[in-house]
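In full-length UniProt numbering, the protein residues as written are 1 to 354.
Even for Gly, the Cβ is constructed at its ideal location relative to N, Cα and C.
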């Protein structure tokens, strides 16, 4: 029996619990929770869309995170293969795979953090709004399952267009009576990562030492880098400001065109998503002064959702920060961003209400 139990533990991560019965030979051998001996306790994390272009590197990087004790990988296709592959990594997180709608609820039950990269990628010539009709339905379905199975989980939404999918999730949670504005966050970290990188290139700095607040939304002109608030303080010419702002706003298009039909930003997005997820987990653990930018329920402007700096903590979002002092160029950019962003938010709200 000891040998059977060891075999069961080894095989546990390859199948979700509802597929745990191993044959009918009467041996009583079942797949049970597989745990690395001596593994430290941590958080339970689910990735919805784990077999996609973002989902796979995201899953790999989350498997490496020491704050993760259980990692659930869900997708409508190829989840078993990705799970088997990642489960061979010698880190302490337990990995379990879940395939298709019948296993969605089981994938979500008991999770502390849910990350959603599910959806179709952007292709050359497509705007984020072109993705709306497909990805909106996906996010609504996944949000309904979250509301039912793990309503207190922190939810990180990556699926584009984020400016619309976050309001969709919020409306679903409101309908279910589970909406907590502290728990729902659109991941705009890639805009910050790009801004840090591009500013570092222009100023000949180490990008790890650069911090650029990026506010507004997560598409085109709604992405507003506050270059006047860069740390360490930098002085830019007007030409540099215009170049950097345009490149940060169109960084996604730069990757889409460079990949020439082969996809959108997946590796940098996975990196940014893990960077933000790690901040969320450190906040949940109780670490102090965890501040990042995210697209959240907000009173910073007249819009119901807006990206700005937030302080993360045990309850999710502990504080949403204001914009701080803006220069004239940024004030003009803010008005452009709000005009575009308002329509995208309304589009998401209407999708659920209709």
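According to DSSP, residues forming a beta bridge with residue i
| i | result |
| --- | --- |
| residue 300 | BP columns for residue 300 are empty, so no partner. |
| residue 360 | Nothing about residue 360 can be read from this structure; the chain reaches only from 1 to 354. |
| residue 74 | 48 and 98 |
| residue 319 | 311 |
| residue 305 | 297 |
Beta-carbon proximity check, residue i vs residue j, cutoff 8 Å
| i | j | result |
| --- | --- | --- |
| residue 165 | residue 136 | yes |
| residue 296 | residue 310 | yes |
| residue 158 | residue 273 | yes |
| residue 131 | residue 161 | yes |
| residue 348 | residue 138 | no |
| residue 338 | residue 303 | yes |
| residue 119 | residue 49 | yes |
| residue 126 | residue 293 | no |
| residue 196 | residue 341 | no |
| residue 67 | residue 285 | yes |
Backbone secondary structure at residue i - three-state DSSP
| i | result |
| --- | --- |
| residue 288 | coil |
| residue 69 | strand |
| residue 314 | coil |
| residue 347 | helix |
| residue 206 | coil |
| residue 295 | strand |
| residue 82 | helix |
| residue 2 | helix |
| residue 220 | helix |
| residue 90 | coil |
| residue 215 | strand |
| residue 338 | helix |
| residue 43 | strand |
| residue 231 | strand |
| residue 57 | helix |
| residue 237 | coil |
| residue 167 | helix |
| residue 264 | coil |
| residue 326 | coil |
| residue 246 | helix |
| residue 258 | helix |
Opening and closing residue of the beta strand (DSSP E) in which residue i lies
| i | result |
| --- | --- |
| residue 225 | 223-225 |
| residue 185 | 184-186 |
| residue 113 | 113-116 |
| residue 157 | 154-157 |
Among the options, the one whose alpha carbon lies nearest that of residue i
| i | options | result |
| --- | --- | --- |
| residue 121 | 55, 64, 191 and 87 | 55 |
| residue 258 | 86, 124, 98 and 112 | 124 |
| residue 107 | 238, 142 and 173 | 142 |
| residue 251 | 236, 268 and 84 | 268 |
| residue 355 | 57, 94, 60 and 75 | Residue 355 is absent from the model: the chain starts at 1 and stops at 354. |
| residue 79 | 89, 101, 254 and 279 | 101 |
Span of the alpha helix (DSSP H) around residue i
| i | result |
| --- | --- |
| residue 134 | 132-149 |
CB contact below 8 Å: residue i versus chain C
| i | result |
| --- | --- |
| residue 90 | The structure shown contains no chain C; it holds only a single protein chain. |
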